[in-house]
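First to last, the protein sequences are chains F and V. Read in order, the letters of the first sequence correspond to residues 14 to 123 in this note's numbering. Read in order, the letters of the second sequence correspond to residues 1116 to 1228 in this note's numbering.
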Amino acid sequence: EDQVTQSPEALRLQEGESSSLNCSYTVSGLRGLFWYRQDPGKGPEFLFTLYSAGEEKEKERLKATLTKKESFLHITAPKPEDSATYLCAVQLYNTDKLIFGTGTRLQVFP
Amino acid sequence: ETGVTQTPRHLVMGMTNKKSLKCEQHLGHNAMYWYKQSAKKPLELMFVYSLEERVENNSVPSRFSPECPNSSHLFLHLHTLQPEDSALYLCASSQAGYTDTQYFGPGTRLTVL
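The structure is reproduced here in structure tokens:
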């Protein structure tokens, strides 16, 4: 069965304290892996797409990496405005369907 | 308006009511989606429309009825819902063809009494 697991479920960081969020997946055929950010009461906001093992993408304090079994979202020197839930989703070959994880709720304190 | 918009943003309804959720995308996409987001659960895909034809119905109860009159608009008609249907309903759009990113609207927070 295709499955996406995110860890940790929740993460509390001090401002400036770097860390990583994990997304592990077991799927029949990976077309792409997506990271989204979701603020309370809002829809998910697209961050990155990764297509092949070894690929990396960066945006401001965020860097996403991909291996054959998992993806990491590295947050460098986070700020309070980075507080949100981060969602990972995988897309299988020959389908529009996204399979989502349950998310990691990140809180960054000043 | 830009991106994907949804109305209403909040909806409270009784179990015997009939209501509709509306989604509109301003991105020139030709695929649209309905998702359900409940607390502590992953986003669940409900329906997919590609080029205005329904291509996926993810075993959703018949009390949810989608409608896609054109590539820019998507509706979700609701009737005789149950309290467990209370959730955030998200609409998304993308360019059909399995390769494009899905962009989400802000969602409708539905409460069924």
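Even for Gly, the Cβ is constructed at its ideal location relative to N, Cα and C. In this text, all values refer to a predicted model and were calculated from it rather than measured experimentally.
Residue state for E28 (chain F) is assigned as coil, using DSSP reduced to three classes. The Cβ atoms of L1189 (chain V) and M1147 (chain V) lie closer than 8 angstroms to each other.
Going by DSSP, S1180 (chain V) is part of the beta strand (DSSP E) stretching over F1179 to N1185. The continuous beta strand (DSSP E) containing M1128 (chain V) extends over residues H1125 to M1128.
Annotation: the continuous beta strand (DSSP E) that includes H87 (chain F) extends over E83 to I88. The shortest C-alpha to C-alpha distance from I88 (chain F) to any of F:S33, F:V17, F:L46 and F:S20 is the one to F:S33. One finds L1158, L1160 and Q1217 in chain V with Cβ atoms closer than 8 angstroms to the Cβ of L111 (chain F), taken in chain order.
Chain V has no Cβ within less than 8 angstroms of the Cβ of T98 (chain F). Listed along chain F are G56, each with a C-beta nearer than 7 angstroms to that of L1205 (chain V). In the DSSP annotation of this structure, the continuous segment of the beta strand (DSSP E) that includes Q19 (chain F) starts and ends at Q16 to S20.
Taking 8 angstroms as the upper bound on Cβ-Cβ separation, chain V lies near residues G56, P57, E58, F59 and T62 of the stretch 56-72 of chain F. Three or more pairs of CB atoms, one per stretch, sit closer than 8 angstroms, so the stretch 101-111 of chain F contacts the stretch 42-58 of chain F. Put simply, of V:T1226, V:E1159 and V:R1178 the residue whose alpha carbon is nearest the alpha carbon of L111 (chain F) is V:E1159. Beyond the five residues adjoining it in sequence on each side, T1226 (chain V) comes within less than 6 angstroms, by CB distance, of V1127 and S1201 in the same chain, given in chain order. Under the Cβ criterion of 8 angstroms, G1222 (chain V) is counted among the residues facing chain F. When 8 angstroms is used as the limit between beta carbons, G114 (chain F) is near these residues of chain V: P1157, in chain order.
Per the C-alpha coordinates, the member of F:N107, F:S37, F:K76 and F:L63 positioned closest to Q16 (chain F) is F:S37. Around the beta carbon of G54 (chain F), fewer than 16 other beta carbons sit within 10 angstroms, so the residue counts as exposed. Within chain V, the residues placing a beta-carbon under 9 angstroms from that of F47 (chain F) are T1216 and Q1217, ordered along the chain. Within the same chain, no residue comes within 6 angstroms of R1169 (chain V) by CB-CB distance, once the 5 residues on both sides are set aside.
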